[in-house]
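Student:
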Amino acid sequence: MEIRKMYFMDCHLAGRQYHDADEVWDELKVGTVLSLERDKENRHDANAVAVMYKKADEEEPYLIGYIPREDNEAIANFLEMGWTDIFECRISRINPEAHPENQVHLTIKIKRKKG
């Protein structure tokens, strides 16, 4: 049997309250697919990895937060090396009653290379 995805890590969505998450909050559900983008311009974190949500009917994605600083170095390195589509990031838990730093949890998997 061929493995299609391999577990990589779980983490919370950092900085959600400072970005665009509130604009798309009603659309964020468990299982929602998000994308990861390297943010080299981030002056607060040299390894910043942005978590993006894209509405199907809109061109530009929403920056909803970041991979936490303590968890982002390996992902940043993969993205820097050109592996921009290696990760699958999904919302694994949402708790609107929690502190903003703990409201959204993510599961990141490594996808099998196609071809």
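Take the sequence shown: its position 41, counted from the start at 1, is 42 in our numbering, and no numbers get skipped.
We treat Cβ as the ideally placed atom computed from N, Cα and C, and that holds for glycine.
These numbers come from a predicted model, not from an experiment.
1) Going by DSSP in three states, residue 113 sits in which element: helix, strand or coil?
2) Tell me the DSSP secondary structure of residue 46 in three-state form.
3) Could you tell me which whole alpha helix (DSSP H) segments of length 4 or greater appear in the stretch 22–77?
4) Give me the residue from 32, 98 and 74 with the minimum Cα distance to residue 92.
5) Residue 26: which of 66, 46 and 7 sits nearest, CA to CA?
6) At which residues does the beta strand (DSSP E) containing residue 17 begin and terminate?
7) Using the C-alpha atoms, what's the distance from residue 84 back to residue 48?
8) Taking the beta strand (DSSP E) that residue 89 falls in, what are its first and last residues?
9) Can you name, in chain order, every residue of its own chain whose Cβ lies under 8 Å from the Cβ of residue 37, other than the five neighbours on each side?
10) Given residue 104, which residues of its chain have a CB within under 7 Å of its CB, disregarding the five upstream and five downstream residues?
Tutor: Result, derived from the coordinates:
1) For this step, residue 113 is matched to residue 112 along the sequence shown. Residue 113 falls in the coil class under three-state DSSP.
2) As a position in the sequence shown, residue 46 is number 45, starting the count at 1. Coil, per DSSP.
3) 22–25
4) Numbered from its first residue, the sequence shown carries residue 92 at position 91. The shortest C-alpha separation from residue 92 is found at 32.
5) The sequence position of residue 26 within the sequence shown is 25, counting from 1. When only C-alpha atoms are compared, the closest one is 66.
6) One-based indexing of the sequence shown puts residue 17 at position 16. Counting along the chain, residue 17 falls outside any beta strand (DSSP E), and DSSP gives it neither H nor E.
7) Position 47 of the sequence shown, counting from 1, holds the residue named residue 48. Position 83 of the sequence shown, counting from 1, holds the residue named residue 84. Computed Cα separation, rounded: 15 Å.
8) The count along the sequence shown starts at 1 and reaches residue 89 at position 88. Unbroken beta strand (DSSP E) run through residue 89: 88–95.
9) Position 36 of the sequence shown, counted from the start, is the residue given in the question as residue 37. So the list reads 50, 51, 52, 53, 68, 76, 80, 88, 90 and 109, once near-sequence residues are dropped.
10) Here the question's residue 104 lines up with position 103 in the sequence shown. These residues qualify, in order along the chain: 17, 95, 96 and 97.
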